[in-house]
Amino acid sequence: MLGALSVPGLTTSAGAAVTDLYVDNASAAHCSDAGHGTQTQPYCTVQAAADAAQPGQTVHIAAGRYPEQVSVTRSGTAAAPITFIGAGKSYYDNGVGTYTWLGGDSHALTTTGASHLRFQNMTLAGTAASTVIDGGSDLRLSQISFSTGAYTPDANIEVKGAAQGVTISRSEGGGSPFVHLAAGVRDTVIATNHVWGAGGKTPLVAAESAPGTVVVGNTLEQACTDVISLAGASVGATVENNVVLDRSRTNCEAALPKLAQVSVEAEATSGTKVAYNAYTQGGSSAYRWAGQTYRTVADFAAATGQGDHDIIGDTSVNPYTGDPGDKVSPVVDSADENVPGMTSVDFDGRAAVDDPYVPNSGTGSGLRDRGAFEIDNFAARYTPVTPVRLLDTRTGAGKAVGPGGTVDLPVAGLHGVPTTGLTAVSLNVTVTGGTGPGYLTVYPHGATRPTASNLNWTPGQTIANLVTAKVSDGKVSFYNGSQGTVHVVADLLGQYSRTGSGYATLTPTRILDTRDGTGAPKAPLTNGRPIDLQIIGRGGVPATDVTAVTLNVTATNTTDHGYLTVYPYGDARPTASNLNWTAGKTVPNLVTVPVVDGRITLVTGGTNGTADLVADVAGYFTAGGGDSYHALTPYRVIDTRTDSWIPDNGQSGSHPGPIAPRRAPVFYTRIPDSNAHSVAMNVTVAGATGPGFLTVYPRYSDRPLASNLNWTAGQTVPNQVVVGAASGDISIYNGSDTPTQVVVDVNGYYAR
């Protein structure tokens, strides 16, 4: 569930464990630096926590601004490091509007002689170098936004004092040089970062007599200077899998012939390897090796034996869609996966996935992309199947998923799902028998678990939801965000791969309502009595070339517990369910089902009572055209409980709480494709204080006579929604007499 029912990003516990310290300077936190940094009375400053932290402890820094210069001198141990973790490095992390900013007049963070430290999920800002690491070993900085005064010569990160084993990964910085490694620093790893420079006199990544430097898997954008520089005795370095973009401008044309995107001085060439990088064809040379510049891979390789698998030219990373007019990106599925220092996921936490349109030319699995970003939103077509159960933890050797537990479900190769070219599967997921409140997150196997939820429940509740789950390594993962156990059931409805049908979005139209006789007799359904519902020729669905239909189906006026199964007309009734309810509840769910002979079948089961059914058609799949699906790792765009959201102008902003009654504010979905026609989202109404309904529809359109979610007082209701969003903007109408909290997570989008 959400809020009090364990929402990702807002989880609370009964008390602080001895391994955890807390920092929160918000007025409502009642903080004190004179206390012990408990969850009930946190420290006000990060410095107070740094002065108290012991090996093995984690310092949790709440979202907010902390204007201080933090100095860390305490060390952890190899087995028990000290960890400092914020609430996010930017507005877009962990749900919009929740991030941790730490900044000072000169440096935000300085470590002096300290070892075995971890810093992650925060912004570090300073007027000089935002971060200074002076000595020590085994320090890791991950998911940090580094910020130094714009256009200053100071690097965002200064590493000095013979520091050893520093790792900077999955972080970002712009406007100034990124990192400077002083003489004597050893074995630094700079991996999977996104860095953009504004031009100046200093390289983005500079090592001066810093042996063992590893620079791998970064996306580096620079103008008017060298980009990566290995000077002095920076021997034994590795520079691989980087995407280097020359953004040089006309004001430095005279200097360009002297510049290089990778520069290795003569003293640093021993044991150094440069390979598998991709460079733009800019005004500067790609290479300077021992003082000699080279503008082509062939010349560089012939003279030095370096540059294996390097690319100079087009480094664009737009996903190939299968259209012959599209260009295959050379950085996709072509990295050296076996090089030391590579992170397990990309900058955004995405696992490596196979682009079905590109040969796997890299090492290892062959799936890794060069640069900091894994391209994963390539186009796919839908193939429906008769529903079949893939997972049921209640049966066989299965057991309930434990608190914080994860189940990895193989899907590739099962029931017609292909083993290659697979991008996503459509599942109807049900949770039942939960011993405590919680939420379920479905996400690609191997990826960082996102701040998102697909199902939310109270103890003992049975609830289902359609999930379009991105697949990685042939699997999807299910996470139990609860302090109790829960059973999980998953029914396969279809799969997305290179071949199949495209999707056509419709204005939602009601085609079934047993309360008034629309589409079926005016009478509630009884147990086992089917409805054969005509689909083609109704609600905008054409009369021909329809392979499947997407409907929002709602059960209401329920007099007993029960479930609904929706399946192709004429097929045997499968062992599967789409909706589950208890007496008196109104339950919606999005359903995608194959259309046979123009019809589908709906039947209730497991009940001694009756239920009315309402169905609004949202779109259909057609073999003759339609849009392809681009699966994404889920990300949160709206959470009205945090008073933050992304308004229609795309800039982060604040919104005062829930959606007001009978209002329809506009929200921005951050779809990463201007050609998108519709977006697939999981929408949740949290802790409703009165009955109502929610309608999601395209901005600038008239609100349709349809609903996506329906609820009674006290319910928390999730549902998948597919809605037209050509501009990236949607409207959400609160059809309730009470304010309503809404959470929205984007799962993917449809585009040509």
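Numbered by the working numbering, the letters in the sequence shown go through residues 0 to 751 in order.
By construction, the Cβ of each residue, glycine as well, lies at the ideal position given by its N, Cα and C atoms.
Since the model is a prediction, treat every value here as computed from it, not as a measurement.
Checklist entry - What is the DSSP secondary structure of A49, reduced to helix, strand or coil? => result Helix at A49.
Next on the checklist: Counting C-beta neighbours from all protein chains within 10 Å, is the total for K469 16 or more, i.e. buried, or is it exposed?
Outcome noted: Of the other Cβ atoms in all chains shown, 16 or more fall within 10 Å of the Cβ of K469; this residue is therefore buried.
Checklist entry - Where DSSP assigns a beta bridge to A554, which residues make up the other side? => result Its beta-bridge partners are V586 and L612.
Next on the checklist: Helix, strand or coil, according to DSSP, for E266 in the structure here?
Outcome noted: For E266, the secondary structure class from DSSP, reduced to helix, strand or coil, is helix.
Item to check | Range covered by the beta strand (DSSP E) that runs through T126 | outcome: Boundaries cannot be given for T126, as no beta strand (DSSP E) includes it and DSSP labels it neither H nor E.
Checklist entry - Going along the chain, which unbroken runs of the beta strand (DSSP E) with 3 or more residues stay wholly within the segment 512-549? => result Inside the segment 512-549, DSSP marks whole beta strand (DSSP E) runs of 3 or more residues at positions 530-533, from first to last along the chain.
Next on the checklist: Restricting to Cα atoms, I'd like to know which of N526, R509 and P573 is closest to L550.
Outcome noted: Comparing Cα-Cα distances from L550 to each of N526, R509 and P573, the minimum goes to R509.
Checklist entry - Would you say T668 and V678 are within 8 Å of each other, going by their C-beta atoms? => result In this structure, T668 places its C-beta atom within 8 Å of the C-beta atom of V678.
Next on the checklist: Along the chain, where does the beta strand (DSSP E) containing V595 start, and where does it finish?
Outcome noted: In the DSSP annotation of this structure, V595 is not part of any beta strand (DSSP E), being labelled neither H nor E.
Checklist entry - Rounded to the nearest angstrom, how far is the Cβ of H560 from that of G605, given a contact under 8 Å? => result Indeed, because the Cβ distance is near 7 Å, the residues count as touching under 8 Å.
Checklist entry - Pairing CB atoms from the segment 172-187 with CB atoms from the segment 298-310, are three or more of them under 8 Å? => result Flag = no, the segment 172-187 and the segment 298-310 do not touch.
Checklist entry - Just the Cα atoms here: how many angstroms apart are T581 and T558? => result Taking the straight line from one Cα to the other gives about 8 Å.
Item to check | Secondary structure of V296, DSSP reduced to three states | outcome: Correct three-state label for V296: helix.
Next on the checklist: Quick check: T130 and I156, are their CB atoms within less than 8 Å of each other?
Outcome noted: A contact, by the Cβ cut-off of 8 Å.
Checklist entry - DSSP three-state call for G652: helix, strand or coil? => result Unreliable placement is indicated for G652, whose pLDDT of 46 sits below 50; the coordinate value is still reported in the next sentence. In this structure, G652 counts as strand in the three-state DSSP scheme.
Checklist entry - Considering Y699, what are the terminal residues of the beta strand (DSSP E) in which it resides? => result No beta strand (DSSP E) holds Y699; DSSP gives it neither H nor E.
Checklist entry - Hey, M680 and N746 are a contact pair by Cβ (cut 8 Å); roughly how many whole angstroms apart? => result Confirmed, about 6 Å.
Item to check | Close beta carbons around N217, own chain, < 6 Å, minus the five adjacent residues each side | outcome: Excluding residues within five positions, the ones whose Cβ falls inside 6 Å are N192, N241 and A371.
Next on the checklist: I'd like the span of the beta strand (DSSP E) that includes N579, first residue to last.
Outcome noted: Here the beta strand (DSSP E) through N579 covers L578 to W580.
Next on the checklist: I want to check one thing, is the minimum distance from the CB of T147 to the heavy atoms of the ligand ZN below 7 Å?
Outcome noted: Absence of the ligand ZN is noted for the structure shown, with no ligands found whatsoever.
Next on the checklist: Strictly under 8 Å for the Cβ-Cβ distance: is L203 near chain B by that measure?
Outcome noted: Chain labels in this structure do not include chain B; a single protein chain is all it has.
Checklist entry - Looking at the structure shown, is R393 part of a helix, part of a strand, or coil, going by DSSP? => result Residue state for R393 is assigned as coil, using DSSP reduced to three classes.
Next on the checklist: Quick check on the burial criterion: 16 or more other C-beta atoms within 10 angstroms. Buried or exposed for Q650?
Outcome noted: Summary for Q650: the model assigns pLDDT 43, below 50, so the residue's position carries little reliability; its value from the coordinates is reported in the next sentence. Counting of Cβ neighbours within 10 angstroms places Q650 among the exposed residues, the total staying below 16.
Next on the checklist: Contact defined as beta carbons within less than 8 Å: I believe L589 pairs with L601. What is the distance between those atoms, to the nearest angstrom?
Outcome noted: The C-beta separation of L589 from L601 comes to about 14 Å, leaving the pair out of contact by the 8 Å criterion.
Checklist entry - With 16 other CB atoms within 10 Å as the buried threshold, where does Y628 fall? => result It is buried - the Cβ of Y628 has at least 16 other Cβ atoms within 10 Å.
Item to check | Cross-strand partners of H193 (DSSP beta bridge) | outcome: For H193, which the question treats as bridged, DSSP gives the partners E171 and T218.
Checklist entry - How would you call S653, buried or exposed, if buried means at least 16 neighbouring beta carbons within 10 angstroms? => result Confidence at S653 is low in this model, with a pLDDT of 49, below 50, so the placement of that residue should be treated as unreliable; the coordinate-derived value is given next. Result: exposed.
Checklist entry - Between the C-alpha atoms of L138 and R117, what's the straight-line distance to the nearest angstrom? => result L138 and R117 have their C-alpha atoms roughly 6 Å apart.
Next on the checklist: Using CA atoms only, rank isn't needed, just tell me which of P80, P152, G174 and S105 is closest to L140.
Outcome noted: The residue from P80, P152, G174 and S105 with its alpha-carbon nearest to that of L140 is P80.
Next on the checklist: Let's see if you can read the secondary structure: which residues bound the beta strand (DSSP E) around Q740?
Outcome noted: Q740 -> beta strand (DSSP E) spans Q740 to A750.
Next on the checklist: With a threshold of 6 Å on Cβ separation, who are the neighbours of T431 within its own chain once the five nearest residues in sequence on each side are excluded?
Outcome noted: Around T431: T461 and H486.
Item to check | CB of G160 within 8 Å of CB of D186, strictly | outcome: When the beta-carbon positions are compared, G160 and D186 stay at least 8 Å from each other.
Checklist entry - Beta carbon of A379, beta carbon of A446: below 8 Å? => result In terms of Cβ geometry, A379 and A446 do not form a close pair [threshold 8 Å].
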